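To start, the structure itself, in structure tokens.
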Ligand SMILES: [Zn+2]
Ligand SMILES: [Zn+2]
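Protein chains in written order, with UniProt numbering: chain A, 1 to 197; chain B, 1 to 197.
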């Protein structure tokens, strides 16, 4: 096999979920049928890797100093949703009708990995809360041990700034069958049962 | 979402088997954790799309006028294996101990799609057979209707040049359970049964 083709197959393996076999299939597919789009991908990918940084206000991915959400005049400035990563921000934007602002931690408190308040930009978050506009902080860290510890820490920051902390509700996923829900979620959902009508 | 990020997610969909959701996951993964390798992929991909052409002798992918297999002095020049595409050439190279040469059709006879002898480079193949070195032509087109028609045509070319045409054996895949083998393969395998010991 030609050197450049071998290099391409190897390079494609940086994509998540792509092993040697899919990488080879992708390389041949692009060469045989999608040269134009492959070239376009190369160019956009290079630009994205070089130019996408983080918003100076919310730390979400952005190629501008201030991202479109922070710059928007139509988003509610009284609610701030704190997430661990841009992936979760995108999931909330796509699934919910949330129209407030965000703050992205780019991680979660994890002292063993060297992730403390400074790495998560909590000084920036504290400044933001001190501006006085925010009334509610929706804490949307993941429901893992570290995510919960982070949520606890964030709630204290919020209270210190006289901001109301809230947390996403836990429970049985909509359309989820009880027998397939994990035990701790089921226990939580049972304990948090709500009165009907 | 930032414009460049949206463009990247859209561009990643040129990869086979990658829909909107995986494209988004790939983009976030590269931005969050693999900038260096993402940049390397962009550069190799651009070079590959621009510089990989076809070998002037066998039509396999190559960034040189003559590919490494055609240029090799250690490959058997008396056997020529004809395949539809570089993908099948790679599969044969990786799975078998074949040490002969190749010819890649870059398609199969399909008059409705405008693919005739000229598009498949059969003039080049005829010249190659006329050189007189080749003794056997292994026809490894796919066992589809068009692949079989192509095999039939190729066998005639070979005979006209006094070259022995051979075809890959059909049958039950090794380790394949009979109940999962398609009916026509099973019928063929039964009809072509071999004496034991
Ligand atoms: Zn922002
Ligand atoms: Zn060649």
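Think of the CB as a built atom: it goes at the ideal place given N, C-alpha and C, for glycine as much as any other residue.
Source: prediction; values computed, not measured.
Any heavy atom of ligand 1 inside 7 Å of the beta-carbon of residue 58/A? The residue you call residue 58/A lines up with position 58 of the first chain. For ligand 1, at least one heavy atom lies less than 7 Å from the Cβ of residue 58/A.
Where does the unbroken beta strand (DSSP E) through residue 80/A begin, and where does it stop? What you label residue 80/A is simply residue 80 of the first chain in a count that begins at 1. From DSSP, the beta strand (DSSP E) with residue 80/A extends over 79 to 83.
Would you call the stretch 6 to 26 of chain B and the stretch 169 to 187 of chain A in contact, with 3 or more CB pairs under 8 Å? no
Using a Cβ distance threshold of 8 Å, determine whether the stretch 39 to 55 of chain B contacts the stretch 31 to 44 of chain A, with at least three qualifying pairs required. The stretch 39 to 55 of chain B, when compared against the stretch 31 to 44 of chain A, does touch it at the 8 Å Cβ threshold.
In DSSP terms, what residue 101/B is bridged to: The residue labelled residue 101/B in the question sits at position 101 within the second chain. Answer is 80/B, bridged to residue 101/B.
Given a threshold of 16 other Cβ atoms within 10 Å of its Cβ, counted over all protein chains shown, does residue 101/A qualify as buried or as exposed? Locating residue 101/A in the first chain gives position 101, where the first residue counts as 1. So residue 101/A counts as buried.
Pairs of beta-carbons, one from the stretch 78 to 96 of chain A and one from the stretch 136 to 147 of chain A, closer than 8 Å: are there three or more? yes
Skipping 5 residues on each side, what residues in its chain have a beta carbon closer than 7 Å to that of residue 70/B? Working through the second chain from its first residue, we reach residue 70/B at position 70. Cβ neighbours of residue 70/B beyond the five flanking positions: 55, 57, 58 and 101.
Quick one: does residue 11/A have its CB under 8 Å from some CB of chain B? Taking the first residue of the first chain as position 1, residue 11/A is located at position 11. So, interface residue.
The stretch 182 to 195 of chain B: which residues have C-beta closer than 7 Å to a C-beta of chain A, in chain order? none
Which same chain residues, not among the five before or five after residue 130/B, have their C-beta less than 7 Å away from its C-beta? The count along the second chain starts at 1 and reaches residue 130/B at position 130. Excluding residues within five positions, the ones whose Cβ falls inside 7 Å are 161.
Within the 8 Å Cβ cut-off, does residue 43/A reach chain B? Reading the first chain from its first residue, position 43 is the one you call residue 43/A. Chain B contact via Cβ: present.
Residue 116/A to residue 149/A, Cα distance in whole Å? Stepping through the first chain from its first residue, residue 116/A is reached at position 116. Stepping through the first chain from its first residue, residue 149/A is reached at position 149. Straight-line Cα distance between these residues: approximately 12 Å.
Span of the beta strand (DSSP E) around residue 133/B: On the second chain, position 133 is the one that residue 133/B refers to. Note, residue 133/B: premise wrong, no beta strand (DSSP E); not H, not E.
Identify the contact partners of residue 38/B in chain A, using a Cβ-Cβ distance below 8 Å as the criterion. In the second chain, residue 38/B corresponds to position 38, counting from 1. Going along chain A in sequence order, the residues near residue 38/B (Cβ under 8 Å) are 14, 45, 48 and 49.
With DSSP as the reference, please indicate the residues paired to residue 30/B in a beta bridge. Locating residue 30/B in the second chain gives position 30, where the first residue counts as 1. For residue 30/B, which the question treats as bridged, DSSP gives no partner whatsoever.
Minimum C-alpha distance to residue 37/B - residue among 30/A, 12/A, 128/A and 114/A: Here residue 37/B refers to the residue found at position 37 when the second chain is read from its first residue. Ranking 30/A, 12/A, 128/A and 114/A by Cα distance to residue 37/B puts 12/A first.
Could you tell me which residues DSSP pairs with residue 166/B in its beta bridges? Start at 1 with the first residue of the second chain, and residue 166/B comes out as number 166. 138/B, per the DSSP bridge assignment.
Minimum Cβ-Cβ distance from residue 30/A to chain B less than 8 Å: Looking up residue 30/A in the first chain gives position 30. Interface flag for residue 30/A against chain B is set, since a Cβ pair is found closer than 8 Å.
Does the CB of residue 7/A have a neighbour CB from chain B at under 8 Å? Looking up residue 7/A in the first chain gives position 7. With 8 Å as the cut-off, residue 7/A counts as an interface residue toward chain B.
Through-space distance from residue 108/B to residue 146/B, alpha-carbon basis: Residue numbering aside, residue 146/B sits at position 146 when the second chain is read from its first letter. Residue numbering aside, residue 108/B sits at position 108 when the second chain is read from its first letter. Their Cα atoms are separated by approximately 7 Å.
Best match in 2/B, 63/B, 75/B and 153/B for proximity to residue 65/A [C-alpha to C-alpha]: Walking along the first chain from the start, residue 65/A turns up at place 65. For residue 65/A, the nearest C-alpha among the options comes from 2/B.
For ligand 2, I want to know if residue 70/B counts as a neighbour, meaning its beta carbon is within less than 7 Å of at least one of the ligand's heavy atoms. If you number the second chain from 1, residue 70/B lands on position 70. Yes.
Is it the case that the Cβ atoms of residue 126/B and residue 157/B are separated by a distance below 8 Å? Within the second chain, numbered from 1, the residue matching residue 126/B stands at position 126. Within the second chain, numbered from 1, the residue matching residue 157/B stands at position 157. Yes, the Cβ-Cβ distance between residue 126/B and residue 157/B is below 8 Å.
So is the beta-carbon of residue 62/B under 7 Å away from any non-hydrogen atom of ligand 2? Counting from 1 along the second chain, the entry for residue 62/B is found at position 62. For residue 62/B, the shortest separation between its Cβ and any heavy atom of ligand 2 lies below 7 Å.
Candidates 189/B, 163/B and 194/B: which alpha carbon is nearest residue 77/B's? By one-based count along the second chain, residue 77/B stands at place 77. Closest option to residue 77/B, Cα to Cα, is 163/B.
When 16/B, 74/B, 29/B and 124/B are compared against residue 98/B, the one with the closest alpha-carbon: Numbered from 1 along the second chain, position 98 holds the residue referred to as residue 98/B. Selected option, being the one with the closest Cα: 74/B.
Taking only beta carbons into account, state which residues of the stretch 71 to 83 of chain A come closer than 7 Å to chain B, listed in chain order. none
Pull up the distance between the alpha-carbon of residue 104/A and that of residue 89/A, whole angstroms please. Your numbering for residue 104/A matches position 104 in the first chain. Your numbering for residue 89/A matches position 89 in the first chain. Looking at the two C-alpha atoms, the distance is approximately 8 Å.
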